[in-house]
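Number of protein chains: 2
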Amino acid sequence: MRHLYTFRLIEAVARAGSMRRAAEDMAITASALNRRVRRFEEEFGAELFERLPGGVRLNPAGELLLHHYRASLSDLARVQGQVADLSGERRGHVSIACSQALLPYFLPEQIARYRADHPGVTFGVKVRDRAEAEQELASFASDLALVFEPVYLVDFEVIRIVPQPVVAVMAADHPLARKQELRLRDCLDAPHVAPAVKYGVRHLLDFAARKGSRRVAPIVETESFELIRHYVLHERAVGFQIPIGLRDPGDGSLVFRPIAERDLPAGNLILGQMRGRSLPVAPARFAQRLANALKDYAGGSDP
Amino acid sequence: MRHLYTFRLIEAVARAGSMRRAAEDMAITASALNRRVRRFEEEFGAELFERLPGGVRLNPAGELLLHHYRASLSDLARVQGQVADLSGERRGHVSIACSQALLPYFLPEQIARYRADHPGVTFGVKVRDRAEAEQELASFASDLALVFEPVYLVDFEVIRIVPQPVVAVMAADHPLARKQELRLRDCLDAPHVAPAVKYGVRHLLDFAARKGSRRVAPIVETESFELIRHYVLHERAVGFQIPIGLRDPGDGSLVFRPIAERDLPAGNLILGQMRGRSLPVAPARFAQRLANALKDYAGGSDP
DNA sequence: CCGAGGCGTTGCAATTTGTGCACCGCATCG
DNA sequence: CGATGCGGTGCACAAATTGCAACGCCTCGG
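Those protein sequences? They're chains H and Y, same order as listed.
Residues 1 to 303 in the working numbering are what the first sequence lists, from first letter to last.
Residues 1001 to 1303 in the working numbering are what the second sequence lists, from first letter to last.
In structure tokens form, the structure reads like this:
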């Protein structure tokens, strides 16, 4: 969109931290860029950047303006979507920031199902931990966030919330697999594999362990949920994960066992958007579908 | 703001209903304007106008886009206000659509008081009847609306609501002035002066009169509340108005008498803004002051 | 202590962009 | 059935924007 060019430049400068670098990024001369910025500052009535030796940095006014720009841009996209919508086929783009657990089964299924109905809609999926996901929404970089146990909840408007207990995952021949429900201490006594501290599952584990005067002491600590699922097939260890990220592989090699609720309360998987923002058509409809689909997952693993 | 020029042109075309007229309004050639519009339509991906012989008219896509533009513009104004705010003195502009009753005393007082604290803030006051006021908000033409008995209430977010009974106003030597409270029928039996039907006061009168199988039959019907207040000093007639628009002139020439609540229930004076919109600093603060000031008026005339 | 290298900024010429003017085809209306 | 007013277009010119080169400033390393 032509009329937002100056804003794009300003954003590039903010990102690059220097006019010259931003100029290069945007395939323009530093002088032209500089003059555009200065001119805009003049008619806007305030400087947007602190000029320091070695570059520039957004000042509060600049932050405010950039936020306005992103909001405008997102609103324009919404309008364009609505317009495309009223001339027949639905088009648009849905950008989602989500926790890892959604990657293997839930999200691909939901996206494919939606695209079957609306092939004109494209998707962007970003993997973000629970803290980052909210930043994504606040900067209009993502339309939706689907995260387990979000942290701050400011600027975060809940669309749907479903409880997800943490379950233990292990090889079928693991001794603990014989019980139908595990105590947390059983799991912590056994060698275990856990996600890094920034993840919600680990957060719940740590909290519950402290309560029972125990510690989570993983033999393998990782950022990858996928690695956890596969590692327990190689060494006799217990992994932790939430049901939505699990599915029986079908060959009986992997089993999941619930952990006693009194030891480890369920966490929440939350679908949300930026507070107060009105989403474009496609994201709004897709969010509705997600919300419905999440109902079916509520409280249990996939049968 | 330079980057919104095309939008301003589009709005002018929508308003004028013809490119050539709009071109003249905006001091530009029809050809230049036409090409700007066409070019924007192209990169936007949809036509904005129906081209009909004799001119153009916004199509739904155009309506949507224009709404986006107005929202963006208003949001930009808010940002500018915030920026001005954080560099010391508060600046900005407050645009209000209000009923006539607020003109003589309440609004001028409030505005003057606010400006005493913030001389950098300017005001725009538009007199609108209750139907028009909501349009004003929806098109972002006004920040606030202060109206008696609004009609539709869609897109209208109530900030404060205060009851305002209709009172009878008459010369001090009017026979009815001897009673402390009047019955509606007394007023209707006497020669009376009433506002036009589009006004809230009249609406309440008509409704109450019908209920008692009576009719409002004014000897003078007018759009001007000011005329009503002054007319009753010339002919022995009863006028109707709400307390917030009345004040004892001090010479004892004019008196107000409440009308029995069981005959004529109080109406509501409502301060509102566009639903979901976040106002610039100055309008937001002024609205807060208005809301507080309105509390003091609630339920009675000024002593 | 000073020169090298980075930065934002500015003067000036080149070029891209937008504008005005004249004109076309078309529908409407007296 | 011409006159009128409309949206749209070709083309030459005006205006805004760009790129290039250079300046002053600061930091940093020798």
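By construction, the Cβ of each residue, glycine as well, lies at the ideal position given by its N, Cα and C atoms.
Query	Result
Chain H contact for residue 1086 of chain Y (CB, 8 Å cutoff)	yes
Neighbour flag for residue 1060 of chain Y against chain H, beta carbons, 8 Å	yes
Alpha carbon of residue 1061 of chain Y to alpha carbon of residue 1070 of chain Y, nearest angstrom	14 Å
Length of the line joining the Cα atoms of residue 1300 of chain Y and residue 1076 of chain Y	Low confidence applies to residue 1300 of chain Y: its pLDDT is 42, below 50, so where it sits in the model is not reliable, and the reading given next is rough at best. For residue 1300 of chain Y and residue 1076 of chain Y, the distance between alpha carbons rounds to 40 Å.
The beta strand (DSSP E) enclosing residue 1270 of chain Y, as first and last residue numbers	1267 to 1274
DSSP state of residue 1200 of chain Y mapped onto helix, strand, coil	helix
The ligand GDP heavy atom lying under 7 Å from the CB of residue 1050 of chain Y	This structure lacks the ligand GDP; in fact it carries no ligand of any kind.
Segment contact flag, the stretch 249 to 263 of chain H with the stretch 184 to 194 of chain H, C-beta cutoff 8 Å, min 3 pairs	yes
Chain H residues whose Cβ lies nearer than 7 Å to that of residue 1277 of chain Y	Ordered by position in chain H, no residue passes the 7 Å Cβ test against residue 1277 of chain Y, which lies about 10 Å from the chain.
Listed by chain order, chain H residues near residue 1006 of chain Y by CB distance under 7 Å	3
Within-8 Å CB hit, residue 303 of chain H to chain Y	Summary for residue 303 of chain H: the model assigns pLDDT 36, below 50, so the residue's position carries little reliability, and this model does not support an answer.
Endpoints, alpha helix (DSSP H) assigned at residue 111 of chain H	106 to 117
Nearest candidate by alpha-carbon position, reference residue 72 of chain H, set H/196, H/140, H/89, H/136	H/140
Run of the alpha helix (DSSP H) containing residue 180 of chain H, from where it starts to where it stops	Note, residue 180 of chain H: premise wrong, no alpha helix (DSSP H); not H, not E.
Neighbourhood of residue 20 of chain H by C-beta, 7 Å cutoff - its chain only, sequence neighbours within 5 removed	30
Nearest-angstrom beta carbon gap, residue 1142 of chain Y and residue 1095 of chain Y [assumed within contact, 8 Å]	5 Å
Among H/25, H/234, H/226, H/235, nearest to residue 247 of chain H - alpha-carbon criterion	H/226
Interface residues of the stretch 1018 to 1044 of chain Y facing chain H [CB-CB below 9 Å]	1039, 1040, 1043, 1044
Separation of residue 176 of chain H from residue 15 of chain H, as counted between CA atoms	51 Å
C-beta neighbour in chain Y for residue 82 of chain H, strict 8 Å	yes
Beta-carbon spacing of residue 1003 of chain Y, residue 3 of chain H below 8 Å	yes
Beta strand (DSSP E) runs wholly inside the stretch 211 to 297 of chain H, at least 3 long, in chain order	220 to 222, 238 to 241, 254 to 258, 267 to 274
Chain H residues whose Cβ lies nearer than 8 Å to that of residue 1075 of chain Y	68, 71, 72
CB contact check: residue 9 of chain H to chain Y, cutoff 8 Å	no
Whole-number beta carbon distance between residue 1093 of chain Y and residue 1282 of chain Y, since they are thought to touch under 8 Å	7 Å
Alpha-carbon to alpha-carbon, residue 1059 of chain Y and residue 1128 of chain Y	27 Å
8 Å Cβ cutoff met for residue 1012 of chain Y and residue 1001 of chain Y	no
Chain Y contact for residue 46 of chain H (CB, 8 Å cutoff)	yes
Chain H contact for residue 1125 of chain Y (CB, 8 Å cutoff)	no
Beta carbon proximity, residue 1205 of chain Y to chain H, threshold 8 Å	no
Length of the line joining the Cα atoms of residue 154 of chain H and residue 130 of chain H	13 Å
Where the beta strand (DSSP E) through residue 1154 of chain Y begins and ends	Neither: residue 1154 of chain Y is in no beta strand (DSSP E) and is coded neither H nor E.
Close beta carbons around residue 360 of chain H, own chain, < 8 Å, minus the five adjacent residues each side	Since the first residue of chain H shown is 1 and the last is 303, residue 360 of chain H is not available in this structure.
Opening and closing residue of the beta strand (DSSP E) in which residue 124 of chain H lies	121 to 127
Alpha carbon of residue 1296 of chain Y to alpha carbon of residue 1090 of chain Y, nearest angstrom	26 Å
Amino acids of chain H, ordered along the chain, whose beta-carbon sits closer than 7 Å to that of residue 1064 of chain Y	79, 82, 83
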